[in-house]
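**Q**
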Amino acid sequence: MISRYTLPEMGGIWTEENKFHKWLDVEMAVCEVHAEMGMIPAEAVEVIKKKARFEVARIQEIEKTVRHDVIAFLTCLAESIGPEARFVHYGLTSSDVVDTANALLLRDAAQLIITKLEQLSAVLRRRAFEFKDTPMIGRTHGVHAEPTTFGLKLTLWYADARRNGRRMRQALDTVSYGKIS
Numbered sequence: 006m007i008s009r010y011t012l013p014e015m016g017g018i019w020t021e022e023n024k025f026h027k028w029l030d031v032e033m034a035v036c037e038v039h040a041e042m043g044m045i046p047a048e049a050v051e052v053i054k055k056k057a058r059f060e061v062a063r064i065q066e067i068e069k070t071v072r073h074d075v076i077a078f079l080t081c082l083a084e085s086i087g088p089e090a091r092f093v094h095y096g097l098t099s100s101d102v103v104d105t106a107n108a109l110l111l112r113d114a115a116q117l118i119i120t121k122l123e124q125l126s127a128v129l130r131r132r133a134f135e136f137k138d139t140p141m142i143g144r145t146h147g148v149h150a151e152p153t154t155f156g157l158k159l160t161l162w163y164a165d166a167r168r169n170g171r172r173m174r175q176a177l178d179t180v181s182y183g184k185i186s
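Numbering (my numbering), first residue to last: 6 to 186.
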């Protein structure tokens, strides 16, 4: 992302570190379910939770050798976890982790966009009332048209922002799912 055009909160969602945190969240969720199903020891999950750590620089270093981002991530985790690391990624594919984590990232980004659209809508609504009697030149096809009010213009932008918020909530509902093979 180009930082000068990015909200700090949105930039934080799409950092490498946050991506790997989401990968770890997916791996941990699967480990917990596997333990509930008796597929791995519950004690191993506790050890994994306690010890699982990663450093982005270390993952990048490992990736130069193994040439696979998920393997580099898992190798880095294994260095911090120890023997119980054998239960991490059990039965998973790389796509299971990456696609599900991407859904989590998209969910977080969509929630931020929805929040910002709601804030924008509130300002547009308030300002539309404030400027309801302020005249301005209307425009059509890039040229002057009939007079209108700035309040009406703001009301139209408000309606657009609300509609875009509904669309974003629909998109959020669509992307908020992961899958495990």
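We treat Cβ as the ideally placed atom computed from N, Cα and C, and that holds for glycine.
How many whole angstroms separate the CB atoms of L159 and L129, which I take to be in contact at a CB cut-off of 8 angstroms?
**A** Indeed they touch by this definition, with Cβ atoms about 5 angstroms apart.
**Q** Could you tell me which uninterrupted alpha helix (DSSP H) segments, each at least 4 residues in length, are contained entirely in the region 35-78, listed from first to last along the chain?
**A** DSSP runs (the alpha helix (DSSP H)) wholly in the region 35-78: 47-56 and 61-71.
**Q** What runs of the alpha helix (DSSP H), each 4 residues or longer, lie entirely inside the region 89-173?
**A** Taking only runs of at least 4 residues, the alpha helix (DSSP H) segments lying wholly in the region 89-173 are 99-135.
**Q** Do K184 and D104 count as a contact pair if the criterion is CB distance below 8 angstroms?
**A** Yes. Within cutoff.
**Q** With contact counted as at least three CB pairs below 8 angstroms, one residue from each stretch, are the region 83-91 and the region 50-61 in contact?
**A** Output reads yes: the region 50-61 touches the region 83-91.
**Q** Buried or exposed for A150, going by 16 or more other Cβ atoms inside 10 Å?
**A** A150 comes out exposed.
**Q** Is T11 helix, strand or coil by DSSP?
**A** T11: coil per DSSP, three-state reduction.
**Q** For L111 versus V93, is the C-beta distance shorter than 8 angstroms?
**A** It is not a contact, given that the beta carbons lie outside the stated cut-off.
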